[in-house]
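Notes follow once the structure below has been shown.
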Amino acid sequence: MKKVVVLAAVFLGSGFGFGQDITPKNEPLTKKGQMFVFYGWNRGAFSNSDIHFKGNGYDFQLNNVAAADRPTKFGLVYFDPVWFTVTQYNFRIGYFIKDNLALVLGIDHMKYVMDQNQTVNFSGTISDPKYAAYVQNGQVNLADENFLTFEHTDGLNYENLGLEKYQNLINKDKIDLVWSYGAGIGVMFPKSNVKLFGNERSDRFHIAGMGTDLRTSLNLVFWKHWIARVEAKAGYINMWDIKTTLNNKPDKATQDFVFGQINAGIGYTFNTRKNN
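When the letters of the sequence shown are read in order and numbered with mature numbering (1 follows the signal peptide of the UniProt record, and there is no 0), they come out as residues -19 to -1, 1 to 257.
Have a look at this one:
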């Protein structure tokens, strides 16, 4: 009889008894109904691209144009809410539509600056003899800013919607490590700074084209809520309506290129359901 009592006690104490709570641990960034927000900063890289300009008196293309990002010098501007849009920033808000699967709305505020110190191949026509004279032996030296300055510095803004799969790699009491991967698509909404042939600089927000991307991230979650996130992204951008004048003339530029991006920042995750 004593053996039966001992066995029953062991059985109940082992967690297999009917009164034992065996609800699985609520892992962060993996459960349906959870949400997260993220804010961070990025560095970007861009492939060379052909840029086609068309307007009154000109129709030409600059080939294999090089460009780079322009990160803001580190300082208070990175943390001051009044100036946060000056930096190359990223924002995300995600909702888990299923366990381990999140729908993510994002803004990638990159900066794209044409390298001024380069000579590129030229094809096409320019009717104004002053600017046509810049073409020598089928090439243009862009060092003289009177011919062209070309930037998306108030934002190579990629407004995107993505689908991301999450997998918990480490699950501890105070810390979790979660890996994600996915893809996104969205519109390009840049504020392009373009000055062509000495005209007044074009500087306005506009829908210029579309982009798509593949992404992956590592998320270190502290105390079930706070997130330190590092993300890598690669994608393709096609902009067929870049405004090159301030007025309503049909002048425009087109370009497409591949981009890469690394961003890092902080976030917060929370539940939207009592039972999820």
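Just so you know, even glycine gets a beta-carbon here, dropped at the ideal spot from N, CA and C.
Taking the continuous beta strand (DSSP E) assigned at Phe215, which residues delimit it? Taking the first residue of the sequence shown as position 1, residue 215 is located at position 234. It is Ala, not Phe, that sits at residue 215 in the sequence shown. Taken as a continuous stretch (DSSP letters only), the beta strand (DSSP E) holding Ala215 covers 207 to 224.
Other residues of its chain near Asp194: CB distance less than 6 Å, five sequence neighbours each side excluded: Counting from one through the sequence shown, the residue named residue 194 turns up at place 213. Contacts found: Gly165, Lys214, Gly216.
Tell me whether Lys(-18) is buried or exposed, calling it buried when 16 or more other Cβ atoms sit within 10 Å of its Cβ. By 1-based counting over the sequence shown, the position of residue -18 is 2. Only weak support exists for where Lys(-18) lies, its pLDDT of 44 falling under 50; the coordinates are left without a value.
Evaluate the contact criterion for the stretch 222 to 242 versus the stretch 175 to 191: three or more CB pairs, one atom per stretch, below 8 Å. yes
Contacts around Glu8, its chain only, beta-carbon distance under 6 Å, and the 5 residues preceding and following it disregarded: As a position in the sequence shown, residue 8 is number 27, starting the count at 1. Closer than 6 Å at Cβ, skipping near neighbours: Asn149, Asn152.
Compare the beta carbon distance of Leu10 and Val239 with 8 Å and say whether it is the shorter of the two. Against the sequence shown, residue 10 aligns to sequence position 29. Against the sequence shown, residue 239 aligns to sequence position 258. No. Outside cutoff.
Of the choices Arg185, Val94, Ala114, whose alpha-carbon is the least far from that of Thr134? Counting from 1 along the sequence shown, the entry for residue 134 is found at position 153. If we check each option's Cα against that of Thr134, Val94 comes out closest.
Rounded distance between the beta-carbons of Gly75 and Met16, thought under 8 Å: Looking up residue 16 in the sequence shown gives position 35. Looking up residue 75 in the sequence shown gives position 94. Yes, Met16 and Gly75 are in contact; Cβ-Cβ is about 6 Å, under 8 Å.
Determine the extent of the beta strand (DSSP E) in which Lys35 is found, giving its start and end residues. The residue you call residue 35 lines up with position 54 of the sequence shown. Element bounds for Lys35: 30 to 36.
Measure how close the beta-carbons of Phe170 and Ile156 come, nearest whole angstrom, since I'm counting them as under 8 Å. Position 189 of the sequence shown, counted from the first residue, corresponds to residue 170. Position 175 of the sequence shown, counted from the first residue, corresponds to residue 156. Wrong, their Cβ atoms sit about 37 Å apart, outside the cutoff.
Which of helix, strand or coil does DSSP assign to Lys79? Within the sequence shown, numbered from 1, the residue matching residue 79 stands at position 98. Strand.
Reference Val121; option with closest CA among Asp109, Ser104, Asp50, Asn252: On the sequence shown, position 140 is the one that residue 121 refers to. Residue Ser104 is the option with its Cα nearest to Val121.
What span of residues does the beta strand (DSSP E) with Ala164 cover, start to end? In the sequence shown, counting from the first residue as 1, residue 164 sits at position 183. Segment 156 to 169, the beta strand (DSSP E) holding Ala164.
Count the other CB atoms, across all protein chains shown, that sit within 10 Å of the CB of Thr4; report buried if there are 16 or more and exposed otherwise. Translated into the one-based positions of the sequence shown, residue 4 becomes position 23. Reliability of the predicted coordinates at Thr4 is poor, the pLDDT of 45 falling under 50, and the value obtained from them is presented with this limitation in mind. Exposed, by the Cβ-count rule.
Taking the alpha carbon of Ile78 as the point to measure from, which residue in Pro52, Gly25, Gly143 has its own alpha carbon closest? Position 97 of the sequence shown, counting from 1, holds the residue named residue 78. Answer by Cα proximity: Gly143.
Ile243 classed as buried or exposed, judged by whether at least 16 other C-beta atoms fall within 10 angstroms: Position 262 of the sequence shown holds residue 243. Exposed, because fewer than 16 other Cβ atoms sit within 10 Å of the Cβ of Ile243.
Coarse secondary structure for Tyr147, derived from DSSP in three states: Here residue 147 is taken as the residue at index 166 of the sequence shown, counted from 1. In the structure shown, Tyr147 sits in a strand (DSSP, three-state: E or B).
Select from Gly248, Gly246, Thr235, Ala245 the residue whose C-alpha is nearest the C-alpha of Gly36. As a first step, residue 36 must be located in the sequence shown, where it is residue number 55. Closest option to Gly36, Cα to Cα, is Thr235.
Could you please give the first and the last residue of the uninterrupted beta strand (DSSP E) stretch that includes Ala26? Translated into the one-based positions of the sequence shown, residue 26 becomes position 45. Element bounds for Ala26: 15 to 27.
Assuming Val101 contacts Leu43 (C-beta within less than 8 Å), just tell me the rounded distance between them. Taking the first residue of the sequence shown as 1, we reach residue 101 at position 120. Taking the first residue of the sequence shown as 1, we reach residue 43 at position 62. Yes, they are in contact, since the Cβ atoms of Val101 and Leu43 sit about 5 Å apart, within 8 Å.
How would you write the range of the alpha helix (DSSP H) that Ala113 sits in, first residue to last? Against the sequence shown, residue 113 aligns to sequence position 132. Element bounds for Ala113: 110 to 113.
Taking its Cβ as the centre, do 16 or more other Cβ atoms sit within 10 Å of Asp154, making it buried, or is it exposed? Taking the first residue of the sequence shown as 1, we reach residue 154 at position 173. It is exposed - the Cβ of Asp154 has fewer than 16 other Cβ atoms within 10 Å.
Go ahead and label Arg185 buried or exposed: buried means 16 or more other beta carbons lie within 10 angstroms of its beta carbon, across all protein chains shown. The residue you call residue 185 lines up with position 204 of the sequence shown. Arg185 should be labelled exposed.
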